[in-house]
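Sequential numbering of the sequence shown, starting at 18, is according to my numbering.
Backbone N, C-alpha and C define an ideal beta-carbon position, used for all residues, glycine too.
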Amino acid sequence: MDIARASIKRAVVVLFICFLIALGGVSAYHSIGKLEDPAFTIKTAVVSIIYPGSTVYEAEMEAASRMEDAIQAMGEIKKIKTRCSPGSATIYVDIKDEYTADDLPQIWNVLRQKVNDALGNLPSGCTVIINNDFGDVFGQYYALTGDGYTMRELYDYADFLKKELVLVPEVAKVNIVGEQTEAVYVEFSSSRLRSLGISSATIFDILNQQNTLSSMGTTFYGDQYVTINPTGGLLNVEDFGETVIGGGEGNLIRLKEVAEIRRDYVNPQTMMMYFNGQPALGIGISTISGGNVVTMGEAVEKRLEELEEDCPIGMELNKIYMQSDGVVQSVNDFVINLVESLVIVVGVLLVFMGVRSGLMIGIVLLLTVAATLIVMNQQGIFLQQVSLAAMIIALGSLVDNAIVVAEGMLIGIQRGQSTEDAASDTVSGSIWAMNCYSYISICTDRLIS
Numbered sequence: 018m019d020i021a022r023a024s025i026k027r028a029v030v031v032l033f034i035c036f037l038i039a040l041g042g043v044s045a046y047h048s049i050g051k052l053e054d055p056a057f058t059i060k061t062a063v064v065s066i067i068y069p070g071s072t073v074y075e076a077e078m079e080a081a082s083r084m085e086d087a088i089q090a091m092g093e094i095k096k097i098k099t100r101c102s103p104g105s106a107t108i109y110v111d112i113k114d115e116y117t118a119d120d121l122p123q124i125w126n127v128l129r130q131k132v133n134d135a136l137g138n139l140p141s142g143c144t145v146i147i148n149n150d151f152g153d154v155f156g157q158y159y160a161l162t163g164d165g166y167t168m169r170e171l172y173d174y175a176d177f178l179k180k181e182l183v184l185v186p187e188v189a190k191v192n193i194v195g196e197q198t199e200a201v202y203v204e205f206s207s208s209r210l211r212s213l214g215i216s217s218a219t220i221f222d223i224l225n226q227q228n229t230l231s232s233m234g235t236t237f238y239g240d241q242y243v244t245i246n247p248t249g250g251l252l253n254v255e256d257f258g259e260t261v262i263g264g265g266e267g268n269l270i271r272l273k274e275v276a277e278i279r280r281d282y283v284n285p286q287t288m289m290m291y292f293n294g295q296p297a298l299g300i301g302i303s304t305i306s307g308g309n310v311v312t313m314g315e316a317v318e319k320r321l322e323e324l325e326e327d328c329p330i331g332m333e334l335n336k337i338y339m340q341s342d343g344v345v346q347s348v349n350d351f352v353i354n355l356v357e358s359l360v361i362v363v364g365v366l367l368v369f370m371g372v373r374s375g376l377m378i379g380i381v382l383l384l385t386v387a388a389t390l391i392v393m394n395q396q397g398i399f400l401q402q403v404s405l406a407a408m409i410i411a412l413g414s415l416v417d418n419a420i421v422v423a424e425g426m427l428i429g430i431q432r433g434q435s436t437e438d439a440a441s442d443t444v445s446g447s448i449w450a451m452n453c454y455s456y457i458s459i460c461t462d463r464l465i466s
């Protein structure tokens, strides 16, 4: 009786543990992060130096070399590569392989400090830009088009969408791609200016002084404390024309009298985007670190449906790329692969090894996958192409090993061994063969891929 009770208790404990593993696996499957590709870290920063008017030699000797001297003082640097061109220099800073993604934020802070310290040694007029953010991948990408709308009108609506979508859960940032930069063009005749006794440098100085913010002080007006704010700023293109550039009292010369003033796009543009032959703006949405791209995609789609009523008539938001759809398809393929494996394996084993062995191997296979999902969720390993491929490979090895062990145990029991002895002898006798088989399977799959 005591032996029977002990066996029943062990069976209840085992069933309870199996139930917890299965429940935890289902919960982990729904909560685990899902991406198309695994996250990767680029250990490179780009330091761009803009030095207007410089030659290649001047950009190298007066700007790039001085910045290199400051950066090379960092012990984390693996290699520095510099490329100079007229008016600019680009420095690529590679970090040693021994440093991990957790170390990079602090390293980039040190790099910025070194760059800031070196700014005082650069010629006046130099501008330095540091870019170390190469890891963001757009989970969703749209093209905004509008027949009959200007690029400015498209950008205004795209900017509205950006402000709304960045508030969606798990959205890291929203980028607008293909924006065309606008500028105010002032075109005048040099001979006309000379006849009036005005130089082009005078016009440049006057325009540069416009809209300059400076404190004008405060004063008391009765019992009130008043801040003085000057007026006369340039708020539109027409205000440029009213700017006084010369003349005596009663004979003022305004800019519109000697120049043609217009607002237009900068030509040539650095980037332009077309969708189906129409000028367009790209809207790229990236997921937060550790986020679920499927959940984010569903939330973004829902928010866009809510914002449809605010979309101007004639504008269309076209889908270009939806990472969430690809991820869902990959996960569904894995589930189908798992189900097919179970059906085939269990079906074959039911025919050739009996009901008990077939069901046991099928249940163990499911529990192993569930336990794997629990561990992946705890360790922050997402469901993506690499991890799904690894699980599919492991499924094949797991099924084959389970068949070998089950068959060996059946043969041992038929020879009169106890269940424990049969299991021990089977596993110890074939452990190296099974491990080598698994290793060969993985290596073969890597060579094929």
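Start and end residues, alpha helix (DSSP H) containing residue i
| i | result |
| --- | --- |
| residue 257 | 254-258 |
| residue 386 | 372-396 |
| residue 424 | 402-431 |
| residue 219 | 217-226 |
| residue 88 | 82-88 |
| residue 57 | Note, residue 57: premise wrong, no alpha helix (DSSP H); not H, not E. |
| residue 175 | 168-182 |
Buried or exposed by the 16-neighbour rule on C-beta atoms within 10 Å, applied to residue i
| i | result |
| --- | --- |
| residue 374 | buried |
| residue 148 | exposed |
| residue 242 | exposed |
| residue 131 | buried |
| residue 303 | buried |
| residue 309 | buried |
| residue 191 | buried |
| residue 109 | exposed |
| residue 174 | buried |
| residue 168 | buried |
| residue 187 | buried |
| residue 28 | exposed |
Endpoints, beta strand (DSSP E) assigned at residue i
| i | result |
| --- | --- |
| residue 65 | 61-67 |
| residue 162 | 155-163 |
| residue 241 | 241-244 |
| residue 237 | 235-238 |
| residue 202 | 199-205 |
| residue 190 | 188-194 |
| residue 149 | Taken as a continuous stretch (DSSP letters only), residue 149 belongs to no beta strand (DSSP E), as it is neither H nor E. |
Proximity below 8 Å, CB of residue i to CB of residue j
| i | j | result |
| --- | --- | --- |
| residue 209 | residue 275 | yes |
| residue 17 | residue 344 | Nothing about residue 17 can be read from this structure; the chain reaches only from 18 to 466. |
| residue 52 | residue 401 | yes |
| residue 163 | residue 340 | no |
| residue 298 | residue 161 | yes |
| residue 99 | residue 115 | no |
| residue 429 | residue 442 | yes |
| residue 423 | residue 378 | yes |
| residue 159 | residue 337 | yes |
| residue 83 | residue 135 | yes |
| residue 403 | residue 355 | no |
| residue 351 | residue 405 | yes |
| residue 278 | residue 269 | no |
| residue 94 | residue 60 | no |
| residue 91 | residue 127 | yes |
| residue 257 | residue 201 | yes |
| residue 399 | residue 49 | yes |
Enumerate, from N- to C-terminal direction, the unbroken alpha helix (DSSP H) stretches of 4 or more residues contained entirely within the region 280-348. 310-323
Mind the definition here: the region 61-72 touches the region 126-145 only if three or more C-beta pairs lie below 8 Å; say whether that holds. yes
Entirely within the region 92-134 and at least 3 residues each: give me those beta strand (DSSP E) ranges in chain order. Segments of the beta strand (DSSP E) lying fully in the region 92-134: 94-102 and 105-112.
Pair every Cβ in the region 350-370 with every Cβ in the region 169-185, then say whether three or more of these pairs are closer than 8 Å. A contact is defined here as three or more CB-CB pairs under 8 Å, and the region 350-370 fails this definition with respect to the region 169-185.
Decide yes or no for the touch test of the region 381-395 against the region 35-44: beta carbon pairs closer than 8 Å, at least 3 of them. yes
Are the region 190-205 and the region 327-346 touching, with three or more C-beta to C-beta distances below 8 Å? no
Evaluate the contact criterion for the region 44-51 versus the region 101-109: three or more CB pairs, one atom per stretch, below 8 Å. no
Quick check: the region 117-137 against the region 280-293, are at least 3 beta-carbon pairs closer than 8 Å? no
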